[in-house]
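First the structure, in the form of structure tokens, and then the observations on it.
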Amino acid sequence: MSSSSQKRGRNPATVGGDLRVALTRISRRLRAERGEADLPEGQFGILTVLHKHGEMSPGSLAEHERVRPPSMTRAVNTLAELGLVEKVEHATDRRQVVVRLTPAGAREVAETRRRRDAWLTKQLSTLTGEEREILAGASELLIRIAAR
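Numbering-wise (the UniProt record's numbering), the sequence shown opens with residue 1 and increments by one.
As structure tokens, then:
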């Protein structure tokens, strides 16, 4: 059996293990690229959720990020002290607050993404066109898997 036919018939568990290792390493390396605030990944995640979904209550943020409400409150307070989010009165219930991304928070999201994209672009530029095509196809498959 040729090596190409062996590759085509790879066992899902073997491919899964290889992918897990590769994705973990890439993810870890990308997370090292941070914006000016040098935020821990959990706090940066809060900014990206607010950037994508708009203002949210701390409870909704905690649920979205799968953390306990007291942990989210601490993280939101830290981000507010840094000027990256603001807590504002809920539009219809004065007892509640919502968390909103500030312009500085939006800049932090943009800068972190820019740095991460720049790092990845630099790595991809060292590959051949054929290798980049293979990764483009793999990206589509990974997006499908992630959506499940």
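Quick reminder that beta carbons are idealized off the backbone N, C-alpha and C, glycines included.
Report buried or exposed for residue i, applying the criterion of at least 16 other Cβ atoms within 10 angstroms of its Cβ.
i: Ile46; result: buried
i: Leu124; result: exposed
i: Val15; result: exposed
i: Glu108; result: buried
With DSSP as the reference, label residue i as helix, strand or coil.
i: Glu33; result: coil
i: Glu89; result: strand
Please name the residue or residues paired with residue i in a DSSP beta bridge.
i: Leu101; result: Val85
i: Met56; result: Val99
Going by C-alpha to C-alpha distance, which of the options sits closest to residue i?
i: Val85; options: Met72, Leu101, Arg95 and Arg74; result: Leu101
i: Ala22; options: Ala147, Ala138, Ala106 and Arg144; result: Ala138
i: Glu55; options: Glu130, Ala110 and Val97; result: Val97
Alpha carbon to alpha carbon, what distance is there between residue j and residue i?
i: Glu140; j: Val67; result: 29 Å
i: Val88; j: His53; result: 16 Å
i: Arg20; j: Ala13; result: 10 Å
i: Arg74; j: Thr121; result: 35 Å
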